[in-house]
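Scroll down for the structure; my scribbles are underneath it.
There are 2 protein chains.
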Amino acid sequence: MGEEVQLSDLQLGLLRILWDRGEATALEVHSALVERDRGLAPTTVSTMLSRLEKKGAITHRTEGRQFIYRALVGEVDVRRSMLSRVTDYFFGGDVSALVSHLVEGRGVDPDDALRLQQLLAERSGGAEEHDDA
Amino acid sequence: MGEEVQLSDLQLGLLRILWDRGEATALEVHSALVERDRGLAPTTVSTMLSRLEKKGAITHRTEGRQFIYRALVGEVDVRRSMLSRVTDYFFGGDVSALVSHLVEGRGVDPDDALRLQQLLAERSGGAEEHDDA
DNA sequence: CCTGTAGTACTACGGTTGTCGTTCATGGGT
DNA sequence: ACCCATGAACGACAACCGTAGTACTACAGG
Numbered sequence: 001m002g003e004e005v006q007l008s009d010l011q012l013g014l015l016r017i018l019w020d021r022g023e024a025t026a027l028e029v030h031s032a033l034v035e036r037d038r039g040l041a042p043t044t045v046s047t048m049l050s051r052l053e054k055k056g057a058i059t060h061r062t063e064g065r066q067f068i069y070r071a072l073v074g075e076v077d078v079r080r081s082m083l084s085r086v087t088d089y090f091f092g093g094d095v096s097a098l099v100s101h102l103v104e105g106r107g108v109d110p111d112d113a114l115r116l117q118q119l120l121a122e123r124s125g126g127a128e129e130h131d132d133a
Numbered sequence: 001m002g003e004e005v006q007l008s009d010l011q012l013g014l015l016r017i018l019w020d021r022g023e024a025t026a027l028e029v030h031s032a033l034v035e036r037d038r039g040l041a042p043t044t045v046s047t048m049l050s051r052l053e054k055k056g057a058i059t060h061r062t063e064g065r066q067f068i069y070r071a072l073v074g075e076v077d078v079r080r081s082m083l084s085r086v087t088d089y090f091f092g093g094d095v096s097a098l099v100s101h102l103v104e105g106r107g108v109d110p111d112d113a114l115r116l117q118q119l120l121a122e123r124s125g126g127a128e129e130h131d132d133a
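For the record, the sequence lines run as chains A and B.
Just so you know, UniProt numbering puts 48 at position 48 of the first sequence, and the rest follows in order with no gaps.
Just so you know, UniProt numbering puts 38 at position 38 of the second sequence, and the rest follows in order with no gaps.
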C-alpha cells in the first residue's frame, strides 16, 4: 500500500509539472519551473530529478541524449496521502470532521454551498433508502 | 499572515502532546510519545524540544530543575497552514473543490452526509443569516 | 578525425532532522 | 560537607534537502 513518503515543496513542484505534462525532459521541467515562480539552475533541477528517481517517485527513458521523465507516483495518491496526514493529525481520521471544519470556516460561498448540498443529497439519499434523520 | 513553517511528523507529534496537555516537562513529553507509538531516547526528545524552541514554535519556563514546555504556535494555525498547502497544491486554492473531492470520495457515510447538508443549508442562506439584509 | 556543444553525472557545501552519548550543574539526602 | 541522582547542555553523526559548479561523454558538423 502507499508508503509514507513526505514530499517537500520543491518536490511537489517537480511532480506537478510531470503530472501536468505527462512527460518532460529535464530542461523542460526547468523552464516550467522558472516560468512558474522559481529561478533555479538547470543543474539543480536535474539533481532533484535524480534524487526523486532514486526514491522511486519518478522514472525516465532516454531519447537521444536527453532524459524524458515521467511520474511514477500518481497525483491522486499523493493527494490522498497528504490529505490523510491532515485528517489523521487533526481530525482523528474522521473525514467528515474535516469537511465540517472546512465548511464552517470561511472559504465556501453560498453558490458552492448549494452545489455541495446537492452532492451530499445524492450521496446520502441517492438510493432513496434514507432512514429519515 | 501565517508563516510557511513546515513541520515534520515528529515535530507535529511533540506539538500535539503540548496542545493536548497545555504544558509538559521534557520527560512527560517523552513518556507520552513512548506511550503513543515511538520509542525514542529521552535525550532525543529534549533535543527536538530545544530545536523547536529555537524556531519559536514552543517555549518553556523553568520550575525547579525541570523545564515546562508550552506551545506557542496554535493548533488551528498549523492546521490551517497544512490545509492550505493541500488546497493550494491540489485544488488551486479552491476550498470548495477540496470539499467536493472529500465528499465524492468514500469516507463520508450517510449520517454525516445528512449532518453536513444541514450545516451547508445554514451557511447558504436557508436559515436567513442576520447579516443578510 | 577533431572539436564544440548539449546534456547528464559527480561532487560539494551549508542547513535541518532524527538519533543519541556524554558531560556538566545542582539540589537533596546522609 | 560530600556524593549521587536527575535532568539540561553540548557535541556528534548519518541522511536528506536545496543549491549549484565542474567534469565527463557522446553526437553533429566540418
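Glycine residues also receive a C-beta, built at the ideal position from the N, C-alpha and C atoms.
Remember, predicted model here, so these are calculated numbers, not experimental data.
Is the Cβ of A:R36 closer than 8 angstroms to any Cβ of chain B?
Translated into the one-based positions of the first sequence, residue 36 of chain A becomes position 36. With 8 angstroms as the cut-off, A:R36 does not count as an interface residue toward chain B.
From which residue to which residue does the alpha helix (DSSP H) around B:Q117 run?
Locating residue 117 of chain B in the second sequence gives position 117, counting from the first residue. Note, B:Q117: alpha helix (DSSP H), P110 to S124.
Does DSSP put B:A71 in a helix, in a strand, or in coil?
Stepping through the second sequence from its first residue, residue 71 of chain B is reached at position 71. Correct three-state label for B:A71: strand.
In chain B, which residues lie less than 7 angstroms from A:R79 when you measure between Cβ atoms?
Residue 79 of chain A sits at position 79 when you count from the first residue of the first sequence. Those are F90, listed as they occur along chain B.
Once DSSP output is grouped into helix, strand and coil, what is the label at B:R61?
Numbered from 1 along the second sequence, position 61 holds the residue referred to as residue 61 of chain B. B:R61: strand per DSSP, three-state reduction.
For A:T62, is the classification buried or exposed, using 16 other Cβ atoms within 10 angstroms of its Cβ as the cut-off for buried?
Here residue 62 of chain A corresponds to residue number 62 of the first sequence, with the count starting at 1. Flag for A:T62 reads exposed.
A:A26, DSSP secondary structure in three states:
On the first sequence, residue 26 of chain A is found 26 positions in, with the first residue counted as 1. Helix at A:A26.
Should B:R85 and A:V103 be called a contact, given that it needs their Cβ atoms to be closer than 8 angstroms?
Translated into the one-based positions of the second sequence, residue 85 of chain B becomes position 85. Translated into the one-based positions of the first sequence, residue 103 of chain A becomes position 103. Their beta carbons are not under 8 angstroms apart, which means B:R85 does not touch A:V103 by this criterion.
Contacts of residue 150 of chain A in chain B (Cβ-Cβ under 7 angstroms)
This structure gives no information on residue 150 of chain A, because the portion of chain A shown stretches from 1 to 133.
Name the chain A residues whose beta carbon is nearer than 7 angstroms to that of B:A121?
Within the second sequence, numbered from 1, the residue matching residue 121 of chain B stands at position 121. Within 7 angstroms Cβ-Cβ: Q117.
B:M82 CB to nearest chain A CB: under 8 angstroms?
Along the second sequence, read from residue 1 onward, the residue named residue 82 of chain B stands at position 82. It does; some Cβ of chain A falls within 8 angstroms.
DSSP bridge partner residues for B:Q66 (one or two, in chain order):
Walking along the second sequence from the start, residue 66 of chain B turns up at place 66. According to DSSP, B:Q66 bridges with B:E63.
Spell out whether any CB of chain B is found under 8 angstroms from the CB atom of A:L102.
Mapped onto the first sequence, residue 102 of chain A falls at position 102. Chain B, which has a Cβ nearer than 8 angstroms to the Cβ of A:L102, makes this yes.
Would you kindly report the start and end of the unbroken alpha helix (DSSP H) that includes A:Q11?
Here the question's residue 11 of chain A lines up with position 11 in the first sequence. Where A:Q11 is concerned, the enclosing alpha helix (DSSP H) stretches over D9 to R21.
Check whether the Cβ of A:L12 lies closer than 8 angstroms to any Cβ atom in chain B.
In the first sequence, the residue the question calls residue 12 of chain A occupies position 12. Using a CB distance cut-off of 8 angstroms, A:L12 counts as an interface residue toward chain B.
Proximal residues of chain B, C-beta to C-beta of A:G107 below 8 angstroms:
Start at 1 with the first residue of the first sequence, and residue 107 of chain A comes out as number 107. Neighbours of A:G107 on chain B, chain order: V95 and S96.
Say the cut is 7 angstroms; is the CB of B:S84 nearer than that to a heavy atom of the ligand FMN?
Among the ligands in the structure shown, none appear at all, so the ligand FMN cannot be discussed.
Which chain A residues are close to B:V99, counting only those with a beta carbon under 7 angstroms from its beta carbon?
Here residue 99 of chain B is taken as the residue at index 99 of the second sequence, counted from 1. The contacting residues are V99, L102, V103, V108 and L116.
Short CB-CB distance (under 8 angstroms) between B:V73 and chain A:
To locate residue 73 of chain B, count along the second sequence from 1; it is residue 73. With 8 angstroms as the cut-off, B:V73 does not count as an interface residue toward chain A.
Where are the alpha helix (DSSP H) runs, 4 residues long or more, that stay fully inside the stretch 29 to 58 of chain A, in chain order?
42 to 54
Decide if the stretch 27 to 44 of chain B is in contact with the stretch 106 to 116 of chain B; the criterion is three or more beta carbon pairs, one per stretch, under 8 angstroms apart.
no
Can you tell which of A:Q6, A:K55 and A:F67 has the C-alpha that lies nearest to the C-alpha of A:H30?
Numbered from its first residue, the first sequence carries residue 30 of chain A at position 30. Selected option, being the one with the closest Cα: A:F67.
Within chain A, the residues that B:S124 reaches when beta carbons sit closer than 9 angstroms
Translated into the one-based positions of the second sequence, residue 124 of chain B becomes position 124. Result: V108, D109, P110, D111, D112, A113, L114, L116 and Q117.
Quick one: residues in its chain with C-beta nearer than 7 angstroms to the C-beta of B:V45, no 5 flanking neighbours on either side, listed in chain order?
The residue labelled residue 45 of chain B in the question sits at position 45 within the second sequence. Around B:V45: A26, V29, H30 and L33.
Proximity winner among A:V108, A:R80, A:V99 and A:I17, relative to B:L116 (alpha-carbon distances):
Mapped onto the second sequence, residue 116 of chain B falls at position 116. Closest in C-alpha terms to B:L116, from the list A:V108, A:R80, A:V99 and A:I17, comes A:V99.
So, at 8 angstroms on beta carbons, what are the nonlocal neighbours of A:E23 in its own chain, with the 5 sequence-adjacent residues on each side left out?
Reading the first sequence from its first residue, position 23 is the one you call residue 23 of chain A. Same-chain partners within the cutoff: I68, Y69 and R70.
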